[in-house]
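Asker: Quick note on this note's numbering: the sequence shown kicks off at 7 and runs consecutively.
No residue lacks a Cβ here, since even glycine has one placed at the ideal position from N, Cα and C.
Only a predicted model underlies this, so the values are computations on that prediction, with no experimental measurement involved.
I'd like to ask you about the structure that follows.
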Amino acid sequence: MGRTGHHLTGLAAGLLVAAAGWHAFGASSLAAVPFGWSGGSAPDWLEIAHAEFSGSRQKWIRVSVIPHRTITHWWPLWLALALLVTVWPVHVPAIHLFASKTLEIGGVLRMALAGFTAGGVMHLLMDVPNPTGIPILTPLARSRWSLHWWKSGNALEPLAGMAMAAVAGAVLWMVAGPQGW
C-alpha cells in the first residue's frame with residue numbers, strides 16, 4: 007500500500023480507537039485520531055530512509071538505516087506495544103485550565119499512544135495483501151506472509167482508505183453522538 011493509503015487507514019484506526027475510548031476518556035480520546043494517521047505510516051518512516059545517487063545505476067535509490075519490511079514491520083513488536091499501551095498505567099497530573107475546565111493529560115497521552123499503535127497495526131494489516139507481505143517468525147526472515155491480493159500503488163488503495171476512514175468516522179459519530187461534542 008502507498009503512503010496515502012496507509013495514512014487514510016491509520017486515520018481509520020485512530021477514529022476507531024477514539025470511539026473505543028470515548029466513554030472512558032471523553033473528548034480526550036480524540037487525541038488518537040491524528041496519532042493514528044501518523045502511526046499509519048510509522049513502520050515505513052521508522053526505517054529512517056533517505057535517497058542516495060547510485061553512480062553505477064545512474065539514478066536515485068532508496069537507502070534505509072533499517073532494511074524495509076523487517077523489524078519495523080514485525081507484528082509481535084507492534085502487538086507488544088499495543089498490550090503495553092493497554093495495561094501500563096499512565097500517571098500524569100491534570101492541568102487546570104480555567105474555572106471548571108481540567109485537561110487530563112494521562113487520558114490524552116494514553117489515547118495518543120493507542121492511536122499511534124493502532125495505526126501501526128493497521129499498516130501491517132494493509133501490507134499483508136501485498137505480494138511482498140510481512141515477516142512472521144523473525145523480523146529478518148526471508149519468508150513472509152502475503153495474501154497476494156494487490157500490488158502496492160494500486161489506484162484503488164486511496165479509495166479503500168477513504169471508505170475505511172468514513173466508516174470509522176461514522177462509528178465514532180454514533181458512539182459520541184452530536185451531543186457529546
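So what does DSSP say about Leu-83, is it helix, strand or coil?
Answerer: The residue labelled residue 83 in the question sits at position 77 within the sequence shown. In the structure shown, Leu-83 sits in a helix (DSSP, three-state: H, G or I).
Asker: Tell me whether the stretch 85-103 and the stretch 111-121 touch, counting them as touching only if at least three CB pairs, one residue from each stretch, are closer than 8 Å.
Answerer: Enough Cβ pairs lie closer than 8 Å, so yes.
Asker: Report buried or exposed for Phe-59, applying the criterion of at least 16 other Cβ atoms within 10 angstroms of its Cβ.
Answerer: Here the question's residue 59 lines up with position 53 in the sequence shown. Exposed, by the Cβ-count rule.
Asker: Per DSSP, which one or two residues make a beta bridge with Phe-108?
Answerer: Stepping through the sequence shown from its first residue, residue 108 is reached at position 102. Per the sequence shown, the amino acid found at residue 108 is Thr instead of Phe. Answer by DSSP bridge pairing, in chain order: His-102.
Asker: Whose CA, out of Arg-75, Ala-30, Ala-26, lies closest to the CA of Ala-147?
Answerer: As a working mapping, residue 147 is identified with position 141 in the sequence shown. Measuring from the Cα of Ala-147, the nearest candidate turns out to be Arg-75.
Asker: Please name the residue or residues paired with Lys-157 in a DSSP beta bridge.
Answerer: Against the sequence shown, residue 157 aligns to sequence position 151. Paired residue(s): none; Lys-157 is not in a bridge.
Asker: Count the other CB atoms, across all protein chains shown, that sit within 10 Å of the CB of Trp-84; report buried if there are 16 or more and exposed otherwise.
Answerer: The residue labelled residue 84 in the question sits at position 78 within the sequence shown. The residue in question, Trp-84, is buried, as its Cβ has 16 or more Cβ neighbours within 10 Å.
Asker: Just grab the DSSP bridge partners of Ala-57 for me.
Answerer: As a working note, residue 57 is residue 51 in the sequence shown. According to DSSP, Ala-57 bridges with Arg-68.
Asker: Go through its chain and collect everything with a Cβ distance to Arg-63's Cβ below 8 Å, but skip five positions before and after it.
Answerer: What you label residue 63 is simply residue 57 of the sequence shown in a count that begins at 1. For Arg-63, where only same-chain residues beyond five positions count, there are no Cβ hits under 8 Å.
Asker: Drop a sphere of 10 angstroms on the beta-carbon of Pro-137, count the other beta-carbons inside from all chains shown, and report buried for 16 or more, exposed for fewer.
Answerer: Within the sequence shown, residue 137 is the residue found at index 131, counting from 1. It is exposed - the Cβ of Pro-137 has fewer than 16 other Cβ atoms within 10 Å.
Asker: Check whether the Cβ atoms of Ser-158 and Ile-140 lie closer than 9 Å to each other.
Answerer: Residue numbering aside, residue 158 sits at position 152 when the sequence shown is read from its first letter. Residue numbering aside, residue 140 sits at position 134 when the sequence shown is read from its first letter. No. Outside cutoff.
Asker: For Glu-53 versus Pro-73, is the C-beta spacing smaller than 9 Å?
Answerer: Position 47 of the sequence shown, counted from the first residue, corresponds to residue 53. Position 67 of the sequence shown, counted from the first residue, corresponds to residue 73. Their beta carbons are under 9 Å apart, which means Glu-53 touches Pro-73 by this criterion.
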